[in-house]
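Be aware that the sequence shown starts at 1, since it is given in the UniProt record's numbering, and climbs by one per residue.
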Amino acid sequence: MNPVLEVRGLRVVFDGFAALDGVDLTVAEGELRFLIGPNGAGKTTLIDVITGLTRPAAGSVRFDGVELVGLREHRVVRLGVGRTFQTAAVFEELSVVDNLDLAAGFRLPLRSLLRRRRGISDEVAAALETAGLTALADRPAGVLSHGQRQWLEIGMLLVQRPRLLLLDEPVAGMSRDERERTGGLLERIARTHTVVVVEHDMEFLRRYAREVTVLHQGRVLREGSVAEVQDDPRVREVYLGRSKGEAVT
Ligand SMILES: Nc1ncnc2c1ncn2[C@@H]1O[C@H](COP(=O)(O)OP(=O)(O)OP(=O)(O)O)[C@@H](O)[C@H]1O
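Structure (structure tokens):
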């Protein structure tokens, strides 16, 4: 399969501490890859480097063959890499559909944005549908539940037509029902995008993950299917900080 993301020898140092210490990661086109690991493993730092937020001390990140290291965040977005944050960043006073519209217009200069006629574009309507927010289109984003805000943020990414989506703990703080809906959303998105999900929730992982990469202390500890990763004693030992032999549940 065609590799979309190729991370090689990535090293990130914060005040002498190596948050990433030689990370290699390859994600193929169309993959739904889960990235797990204990607190401080370096998961968010890895996403930060891919998206141009953090500059590595060494290493390379290629997206579709293009080197991303050294590019500013907005350049990375324009190349087709979208990410969410643990706290959804939406414009609270604007309606759901206006948030999507604004995100969809990010490529346009301000003048053409202001000239654009009102009305829902096809891509905004599609994002509303995919995110399950059609019925809430005219509600201000500020009244959305935590889960709905996360879906809106994902919708705001989708209208920017990314090829690679990086989702940072999309189900953190969600109810069981919201987690299920997010899983469905993830499956829909993964049909047409390459997706990397940082996640802590093991139940969610078991249900929706295909390939899993486990990070530990800034290095890749293991890669494989959910079953392979769960059966690995090193993963059991470090991931949840449990003693040897105790199952990862
Ligand atoms: N800007 C920063 N300055 C200093 N240290 C940092 C910075 N960002 C992250 N770190 C440190 O780097 C390490 C990796 O952090 P990171 O947030 O990437 O881990 P994580 O795997 O995402 O953890 P969590 O699951 O808790 O979100 C941690 O020890 C963290 O304290």
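Using N, Cα and C, we set each Cβ at its ideal position, and we do this for glycine too.
Rounded C-alpha distance that separates residue i from residue j
i           : j           : result
residue 105 : residue 206 : 37 Å
residue 145 : residue 215 : 31 Å
residue 193 : residue 237 : 33 Å
residue 69  : residue 55  : 7 Å
residue 169 : residue 65  : 27 Å
residue 157 : residue 187 : 16 Å
residue 20  : residue 9   : 9 Å
residue 102 : residue 174 : 26 Å
residue 89  : residue 153 : 7 Å
residue 178 : residue 3   : 32 Å
residue 72  : residue 204 : 33 Å
residue 225 : residue 93  : 42 Å
residue 18  : residue 6   : 20 Å
residue 28  : residue 79  : 17 Å
residue 155 : residue 128 : 7 Å
residue 234 : residue 15  : 28 Å
Opening and closing residue of the alpha helix (DSSP H) in which residue i lies
i           : result
residue 101 : 96–104
residue 83  : From DSSP, residue 83 is part of no alpha helix (DSSP H) but of the beta strand (DSSP E) over 81–83.
residue 205 : 202–208
Coil, strand or helix - residue i by DSSP
i           : result
residue 54  : coil
residue 69  : coil
residue 139 : coil
residue 221 : strand
residue 215 : strand
residue 63  : strand
residue 252 : There is simply no residue 252 to check, as the chain begins at 1 and stops at 249 in what is shown.
residue 231 : helix
residue 47  : helix
residue 126 : helix
residue 247 : Here residue 247 scores only 44 on pLDDT, less than 50, and its place in the model should not be relied on; the value that follows carries that caveat. Correct three-state label for residue 247: coil.
Enclosing beta strand (DSSP E) for residue i [first to last residue]
i           : result
residue 33  : 32–36
residue 14  : 3–14
residue 20  : 17–28
residue 194 : 194–198
Near ligand 2: residue i beta-carbon under 7 Å from a heavy atom
i          : result
residue 80 : Absent from the structure shown: ligand 2. Ligands present: ligand 1.
Are there three or more Cβ pairs, one per stretch, closer than 8 Å when the stretch 128–139 is compared with the stretch 50–58? no
contact_flag[the stretch 179–193, the stretch 18–29] where n(CB pairs < 8 Å) is 3 or more: no
Please give the ranges of any beta strand (DSSP E) in the stretch 144–191, keeping only runs that are unbroken, at least 3 residues long and fully inside the region. 164–168
Counting pairs of beta carbons, one from the stretch 212–230 and one from the stretch 35–49, are three or more of them closer than 8 Å? yes
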